[in-house]
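**Q** Sending over a structure as structure tokens; questions will come in a sec.
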Amino acid sequence: MRRPHISSKLRAKIAEVSRYRCGYCLMQQIATNWLLEVEHIIPTAAGGTDDEENLWLSCMACNRYKGTQVKARDPSTGRLVRLFNPRYQKWIRHFYWSCDGTEIIGLTACGRATVKALKLNNEFAKQARAIWREAGIHPPKD
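Each residue of the sequence shown is one higher than the last, beginning at 442 in this note's numbering.
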């Protein structure tokens, strides 16, 4: 599988537009010791392009769990739905934080399917969010 070259200029633009955080779990660049990745919202393996409109920032975990998926089953209804698109959909319309800020709760079929498919509430993520909350950098204020 070929790895597309994303120019440093385009990467910087995407990072700025995405506010230096993962489009799915909202992990902030300042909370990790590796660069967030530029991911293809619609994977190239599923017909997606390298165009800017198909690129967004993602943490390594979300990008790996997503893989080539573009759809997943809503665990509440069983319907096959499109995964959340961080470029064009508003996070707060599809998700909210648990009271302690460690879990992402899906509000919509799209949100619930994305939470499950991308394993947004895996144990490592929840533990990290608890630490970030104690440090005062989680959840993001906006």
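Built from N, CA and C at the ideal position, the CB exists for glycine as well.
1. May I have the straight-line CA-CA distance separating Arg570 from Arg534, to the nearest angstrom?
2. Among Lys531, Met501, Leu559 and Gln530, which has the Cα closest to the Cα of Glu544?
3. Could you check what DSSP says for His481 in three-state terms: helix, strand or coil?
4. Cutting at 6 Å between CB atoms, please list the residues of its own chain near Met442, excluding the five before and the five after it.
5. Report the start-end ranges of each beta strand (DSSP E) in the segment 484-536 that is 3 residues or longer and not cut off at the edges.
6. According to DSSP, is Trp419 part of a helix, a strand, or is it coil?
7. Using only the alpha-carbon positions, how far apart do Arg505 and Ser499 sit?
8. Could you say if the segment 445-456 and the segment 518-526 meet the contact criterion of at least three C-beta pairs nearer than 8 Å?
9. Do three or more CB pairs link the segment 483-501 to the segment 537-553 at distances below 8 Å?
10. Taking DSSP as the reference, what is the three-state secondary structure of Gly464?
**A** Reading off the structure:
1. Approximately 21 Å between the Cα atoms of the pair.
2. That would be Leu559, whose Cα lies nearest to the Cα of Glu544.
3. Of the three classes helix, strand and coil, the one that applies to His481 here is strand, per DSSP.
4. Confidence at Met442 is low in this model, with a pLDDT of 47, below 50, so its placement is unreliable and the value that follows should be read with caution. Hits under 6 Å: none found.
5. Runs found: 496-499, 512-514 and 521-523.
6. There is no way to answer for residue 419, as the model of the chain reaches only from 442 to 583.
7. A straight line joining the alpha-carbon of Arg505 with that of Ser499 spans about 9 Å.
8. In this structure the segment 445-456 does not touch the segment 518-526; the number of beta carbon pairs closer than 8 Å is below three.
9. Segments in contact, no.
10. Of the three classes helix, strand and coil, the one that applies to Gly464 here is coil, per DSSP.
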